[in-house]
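Asks:
Residue numbers (our numbering): 420 to 650.
Encoded structure:
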């Protein structure tokens, strides 16, 4: 997989107290998906990008909010798209307790995760409890990446292929822990330094409420330019 263009979403719903700008409204997501389709792109989960050809965009939703099932999935289906949601295997059915700021937002429970898969989406791991991986002791790091994969695999009845680094924080130690845990790929955020880690540190572009069709196009062109420079 050659550093595909991937968008990173979080929550989809009403925008209340959202200091980190992690939420897009359903109306905005619908407009963004329509804009991507107008650009000739079809949204796909990360697991399917390599086999989907060049006219695709990876769509990812971090944290596993319950509104992914109720708000994002209908919009994705309406536009013929699918996506990956990265869930926290230690917080099934709870909320974003790691974030002291902003509104409390419920997370997907086990039934919700299974419904997401039944809808044709991919479920990946975001760790157990959304911890800062570089700050963890080696055994804690191994627990976050390995145990989360095992729990999700048990819930879903299949091996979980993907991981997303909480807060986008990673270094060589974290990448190696993810590889050893058996993940086929992992998603980062910042493109700097990601080329060396290859498929276990795929860069992503943030997608938020302010992003219109032209802004998404500009992000895609910027990503293409970075790929060309690093090739």
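The beta-carbon is built from N, C-alpha and C at its ideal position, and this holds for glycine as well.
Small disclaimer: the values here were computed from a predicted structure and weren't measured.
1. Below 7 Å between beta carbons: does that hold for residue 654 and residue 422?
2. Measure the CB-CB distance between residue 597 and residue 564 and report whether it falls below 7 Å.
3. How many Å lie between residue 500 and residue 439 at the Cα?
4. Let me check understanding here. Comparing Cα to Cα, which of 510, 620 and 433 lies closest to residue 668?
5. If you run the structure through DSSP and keep just helix, strand and coil, what is residue 463?
6. Going by CA-CA distance only, name the one from 572, 492, 606 and 583 that's closest to residue 445.
7. Determine whether the beta carbon atoms of residue 508 and residue 430 lie at a separation below 7 Å.
8. Residue 608 lies in the alpha helix (DSSP H); which residues open and close that run?
9. Which stretch, first to last residue, makes up the beta strand (DSSP E) that contains residue 471?
Replies: Inspection of the coordinates gives the following:
1. Given that the chain is displayed from residue 420 to residue 650, the structure contains no residue 654 and the question cannot be resolved.
2. yes
3. 26 Å
4. Outside the displayed span of the chain (420 to 650) sits residue 668, for which this structure offers no information.
5. strand
6. 492
7. no
8. Counting along the chain, residue 608 falls outside any alpha helix (DSSP H), and DSSP gives it neither H nor E.
9. No beta strand (DSSP E) holds residue 471; DSSP gives it neither H nor E.
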